[in-house]
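J.: As given, the protein sequences belong to chains C and R, one line each in that order. Sequential numbering of the first sequence, starting at 4, is according to this note's numbering. Sequential numbering of the second sequence, starting at 4, is according to this note's numbering. Even glycine gets a Cβ: it sits at the ideal position worked out from N, Cα and C.
2 protein chains.
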Amino acid sequence: MPVGTAATVKGLTPADLRGAQTQIVLANTYHLWLRPGRETIETAGGIHRFMGWDRPILTDSGGFQVFSLESRRRLDDDGVTFASHLDGSEHRFTPENIVEFQQAIGSDVAMLLDVCVKLPATREEIAKAVHLTTAWARRSAALPSKAGTLLFAIAQGGLDAKLRERSARELVELDFPGYAIGGLSVGESREEMYATARATAALLPEDKPRYLMGVGTVTDLVASIDGGCDLFDCVYPTRCGRNGRAMTHGGELNLFNAAFTRDYDRLDELCDCYTCANFSRAYLAHLFRAKEMLGPRLLSYHNVYFVNDLMREARAAIDAGRWRNYAARDSNCSPC
Amino acid sequence: MPVGTAATVKGLTPADLRGAQTQIVLANTYHLWLRPGRETIETAGGIHRFMGWDRPILTDSGGFQVFSLESRRRLDDDGVTFASHLDGSEHRFTPENIVEFQQAIGSDVAMLLDVCVKLPATREEIAKAVHLTTAWARRSAALPSKAGTLLFAIAQGGLDAKLRERSARELVELDFPGYAIGGLSVGESREEMYATARATAALLPEDKPRYLMGVGTVTDLVASIDGGCDLFDCVYPTRCGRNGRAMTHGGELNLFNAAFTRDYDRLDELCDCYTCANFSRAYLAHLFRAKEMLGPRLLSYHNVYFVNDLMREARAAIDAGRWRNYAARDSNCSPC
């Protein structure tokens, strides 16, 4: 899922997203709650109409964002109160109002409010986050459902195998249509992340989506698919795109490198996207050096296309029983 | 002509430009000379291949930009020496090397190097600029021609009717394929600009393009078409687009006005462009408030489409003998 935090994947239109083979985009409840706010999106006819995207939209609950605020939020057993990063105004998220918000704006997949712990943390802190996350999930499960909006729960537990297991088991008992693995890709080592994601995914139902949040690079995606995860979101492709970093079959390229100013080859020899089909590395390098906004746009498009293509190829490889070969080939791509 | 100074119309792809009904774009010799430089564009296969645009490209000579540098340039009878605004490096433009550069990169229309005077100026200063502009045009006319590149001369003369007449007559004697009216839209009053453009256009051949440089707004375009001008360039549509100003059939709108955050109407009731067909004013207002780059992109697209549509309608109205009616209707649109 390309990330469209504020109801827009940075620099790309819905037509671009389709062209780049996007099946679903992510938007963020924390950001949409603050701006433009529920009323604007509801009056516009919902999030799909508002942003002009008629394929699925998953909205993150904003838990991750609120807990990132640290000194600007107060957690209690019933929810979390925080100060807006935009204007300092006070807001409160509860397991109930977060689901209601996402239902009201017409999300296809609404993430439950979870409690994210910044790592490293004590076992006690992580255990408390797991406890509250389950309690909140139970309250969310008891809410009236709304046709068209599926609720996904988020398993927590840091890097603690026992707590991860407890969180996954308790949430699975509540029988949600899908599950996410949260609280990873937040600074731990690659090996810790892969091991925890793999172990948690194994505890989640195989017939429901298993969504690893905040991942990622080609290497991370391939390792996590191998670990049993199905769904991913990350700002990585668009953020790299805005900053001159191209994800290619030959590894990542920094278009600010002087060599590219005289490199008339296509950006990625094996890519058929609009950017690769129409522009040379030299032209893209020129755009970034001249700080022209077409550079970030064309490169974001390519990177989103590239990751969607990777996922398409991964599905095909799994279907054809040749996943091991595919994974061995692609995990050579070096990350940023 | 939408302005693509550095071989890119800001934020728009060649596919967008076609979608927005663009027939020809402008690029700038001053900027391309400094970055990426002649060799890069030549090696890429010319300016069309480099920027991925296969319709006509007119390149301005850079005279206007160089003379804007003021203290950073030295004019002599043979050319002008200046310091780059990018790195202070010294460069020299002559009537010859400017034409050769534009021929080398494959411009369809190459503007001659002219001498632009900042207004207000003394009659003597303007007379000297006219004298040099003609002398330089004579030297340019004597150069070997290159198939595919047409040379357009630029008439100068400030707001002085006699000097404008002298400049136009001297250049017309040299029999170029097209003529521009330069040195206007630089701070003089609307009435002075209209009167001078009209008087100069009347001295230029009716069967050749008469290009009024640096115009403009809807009001200026309609008045200048009425005055006999055929071709225009201006950063206005894209600059307004980047800054939240929409050119519409109902006049210009500033999308930062609070009212638009709850306005679910289409941007321009009478426009069929991608932006108007897919997004509300509320969504566009949200993008600008959230500083999302999709806002400048969508609004630049609309504004370019809008101006191209105006020109298309103007041509149709002239062809159908109903120009007077059309001009009377459209000149009500208030400029920025």
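Is the beta carbon of A158 of chain R sitting closer than 7 Å to the one on A171 of chain R?
T.: To locate residue 158 of chain R, count along the second sequence from 1; it is residue 155. To locate residue 171 of chain R, count along the second sequence from 1; it is residue 168. It is a contact, given that the beta carbons lie within the stated cut-off.
J.: Which residues in the same chain as C339 of chain R place their Cβ atom closer than 7 Å to its Cβ, once the five residues preceding and following it in sequence are excluded?
T.: Along the second sequence, read from residue 1 onward, the residue named residue 339 of chain R stands at position 336. Residue confidence is low: C339 of chain R scores 38 on pLDDT, short of 50, so the model does not pin down where it sits. Its coordinate-derived value is still stated next. T220, C243, R248 and E255, listed in sequence order.
J.: When the cut-off is 7 Å and only beta carbons count, does P39 of chain R lie next to chain C?
T.: Mapped onto the second sequence, residue 39 of chain R falls at position 36. P39 of chain R counts as touching chain C.
J.: Using a Cβ-Cβ cut-off of less than 8 Å, give me the residues of the stretch 292-304 of chain C that come near chain R, in sequence order.
T.: Those would be R292, A293, E295, M296, L297, P299, R300 and L301, in chain order.
J.: In this structure, how does DSSP classify F96 of chain C when only helix, strand and coil are distinguished?
T.: Mapped onto the first sequence, residue 96 of chain C falls at position 93. Strand, per DSSP.
J.: Check the Cβ-Cβ distances between F67 of chain R and every residue of chain C, and say whether any is below 7 Å.
T.: By 1-based counting over the second sequence, the position of residue 67 of chain R is 64. Taking Cβ atoms only, chain C never reaches closer than 7 Å to F67 of chain R, which makes this a no.
J.: Less than 7 Å between CB atoms is the rule here; does F85 of chain C satisfy it with respect to chain R?
T.: Translated into positions along the first sequence, residue 85 of chain C becomes position 82. Answer no: the Cβ-Cβ gap between F85 of chain C and chain R never drops below 7 Å.
J.: Any idea what DSSP makes of T11 of chain C, helix, strand or coil?
T.: In the first sequence, counting from the first residue as 1, residue 11 of chain C sits at position 8. Coil at T11 of chain C, not helix or strand.
J.: What did DSSP end up calling E42 of chain R once you bin it into helix, strand or coil?
T.: Residue 42 of chain R sits at position 39 when you count from the first residue of the second sequence. In the structure shown, E42 of chain R sits in a helix (DSSP, three-state: H, G or I).
J.: Using the Cβ count rule (16 or more neighbours within 10 Å means buried), how would you classify Q26 of chain C?
T.: Mapped onto the first sequence, residue 26 of chain C falls at position 23. Burial call: exposed.
J.: Cβ closer than 7 Å: which chain C residues qualify as neighbours of F282 of chain R?
T.: On the second sequence, residue 282 of chain R is found 279 positions in, with the first residue counted as 1. Near F282 of chain R (Cβ distances below 7 Å), the residues of chain C are G55.
J.: Just tell me which of R:R327, R:T241, R:D266 and R:A23 has its CA closest to the CA of V218 of chain R.
T.: To locate residue 218 of chain R, count along the second sequence from 1; it is residue 215. With distances taken between Cα atoms, V218 of chain R lies closest to R:T241.
J.: Which parts of the stretch 256-339 of chain R are runs of the alpha helix (DSSP H), unbroken and 4 residues or longer, counting only runs that do not cross its ends?
T.: You should have 277-281, 284-292, 297-322 and 326-333.
J.: With a Cβ-Cβ cutoff of 7 Å, do I129 of chain C and D80 of chain C count as a contact?
T.: What you label residue 129 of chain C is simply residue 126 of the first sequence in a count that begins at 1. What you label residue 80 of chain C is simply residue 77 of the first sequence in a count that begins at 1. No, the Cβ-Cβ distance between I129 of chain C and D80 of chain C is not below 7 Å.
J.: According to DSSP, G181 of chain C sits in a beta bridge with which residue or residues?
T.: Here residue 181 of chain C refers to the residue found at position 178 of the first sequence. According to DSSP, G181 of chain C bridges with C:F155.
J.: Is any beta-carbon of chain R found at less than 7 Å from that of A285 of chain C?
T.: To locate residue 285 of chain C, count along the first sequence from 1; it is residue 282. Yes, A285 of chain C lies at the interface with chain R (some Cβ there is under 7 Å from its Cβ).
J.: Show which residues of chain C have a CB atom less than 9 Å away from the CB atom of L290 of chain R.
T.: Counting from 1 along the second sequence, the entry for residue 290 of chain R is found at position 287. Residues of chain C passing the Cβ test: A9, A10 and T11.
J.: Can you tell me the Cα-Cα spacing of E295 of chain R and G253 of chain C, whole angstroms?
T.: Numbered from 1 along the second sequence, position 292 holds the residue referred to as residue 295 of chain R. Numbered from 1 along the first sequence, position 250 holds the residue referred to as residue 253 of chain C. Going by the C-alpha atoms only, they are around 31 Å apart.
J.: Provide the residue(s) that pair with P17 of chain R in DSSP beta bridges, ordered along the chain.
T.: On the second sequence, position 14 is the one that residue 17 of chain R refers to. Beta-bridge pairing links P17 of chain R to no other residue.
J.: Using the C-alpha atoms, what's the distance from E316 of chain C back to G190 of chain C?
T.: As a working mapping, residue 190 of chain C is identified with position 187 in the first sequence. As a working mapping, residue 316 of chain C is identified with position 313 in the first sequence. Approximately 28 Å between the Cα atoms of the pair.
J.: When the distance is taken between beta carbons, is A23 of chain C closer than 7 Å to Y308 of chain C?
T.: Indexing the first sequence from 1 puts residue 308 of chain C at position 305. Indexing the first sequence from 1 puts residue 23 of chain C at position 20. Yes, Cβ-Cβ distance for Y308 of chain C and A23 of chain C is below 7 Å.
J.: Taking 6 Å as the cut-off, does the CB of F70 of chain R come closer than this to any heavy atom belonging to the ligand ZN?
T.: The ligand content of the structure shown is nil, which means the ligand ZN is not present either.
J.: Answer with buried or exposed for S337 of chain R, where buried requires no fewer than 16 other C-beta atoms within 10 angstroms of its C-beta.
T.: As a position in the second sequence, residue 337 of chain R is number 334, starting the count at 1. Its pLDDT being 46, under 50, S337 of chain R is placed unreliably in this model, and the value from its coordinates should be taken loosely. Burial call: exposed.
J.: In whole angstroms, what is the alpha-carbon distance linking R318 of chain C and T278 of chain C?
T.: Residue mapping note: residue 318 of chain C aligns to position 315 of the first sequence, counting from 1. Residue mapping note: residue 278 of chain C aligns to position 275 of the first sequence, counting from 1. Taking the straight line joining both Cα atoms gives about 24 Å.
J.: Return the chain-ordered list of same chain residues with a C-beta closer than 7 Å to the C-beta of H34 of chain C, the five sequence neighbours on each side being excluded.
T.: Taking the first residue of the first sequence as 1, we reach residue 34 of chain C at position 31. Contacts found: T8 and A9.
J.: Starting from the Cα of E209 of chain C, find the closest Cα among C:C232, C:S148 and C:I101 and give me that residue.
T.: Here the question's residue 209 of chain C lines up with position 206 in the first sequence. Nearest C-alpha to E209 of chain C: C:C232.
J.: Tell me, please, whether the CB atom of G247 of chain R is closer than 7 Å to any CB atom in chain C?
T.: Looking up residue 247 of chain R in the second sequence gives position 244. Closer than 7 Å: no.
J.: So T109 of chain R contacts chain C; which residues on that side make the cut at Cβ distance below 9 Å?
T.: By 1-based counting over the second sequence, the position of residue 109 of chain R is 106. One detail in the question is off: residue 109 of chain R reads as Gly in this sequence, not Thr. Within 9 Å Cβ-Cβ: nothing; G109 of chain R doesn't reach chain C, min ~15 Å.
J.: Just verifying my parser: in three-state terms, what is the DSSP assignment at A30 of chain R?
T.: Walking along the second sequence from the start, residue 30 of chain R turns up at place 27. Three-state result, A30 of chain R: strand.
J.: Provide the residue span of the beta strand (DSSP E) that contains A144 of chain R, from first to last.
T.: Counting from 1 along the second sequence, the entry for residue 144 of chain R is found at position 141. Note, A144 of chain R: premise wrong, no beta strand (DSSP E); alpha helix (DSSP H) at R126 to A144.
J.: Whole beta strand (DSSP E) runs in the stretch 204-235 of chain R with 3 or more residues, listed along the chain?
T.: Listed in chain order, they are 213-215.
J.: Any beta carbon from chain C within less than 7 Å of A47 of chain R's own beta carbon?
T.: Residue mapping note: residue 47 of chain R aligns to position 44 of the second sequence, counting from 1. Judged by the 7 Å Cβ criterion, A47 of chain R is in contact with chain C.
J.: Who does I60 of chain R pair with in a DSSP beta bridge?
T.: Numbered from 1 along the second sequence, position 57 holds the residue referred to as residue 60 of chain R. R:V28, per the DSSP bridge assignment.
J.: Please work out which residues of its chain come closer than 6 Å, Cβ to Cβ, to A132 of chain C, disregarding the five sequence neighbours upstream and downstream, and give them in chain order.
T.: Start at 1 with the first residue of the first sequence, and residue 132 of chain C comes out as number 129. V118, V120 and Q159, listed in sequence order.
J.: Starting from R77 of chain C, follow its DSSP beta bridges and name the residues at the other end.
T.: What you label residue 77 of chain C is simply residue 74 of the first sequence in a count that begins at 1. Beta-bridge pairing links R77 of chain C to C:T84.
J.: Are the C-beta of T25 of chain C and some C-beta of chain R separated by less than 7 Å?
T.: Reading the first sequence from its first residue, position 22 is the one you call residue 25 of chain C. Answer no: the Cβ-Cβ gap between T25 of chain C and chain R never drops below 7 Å.
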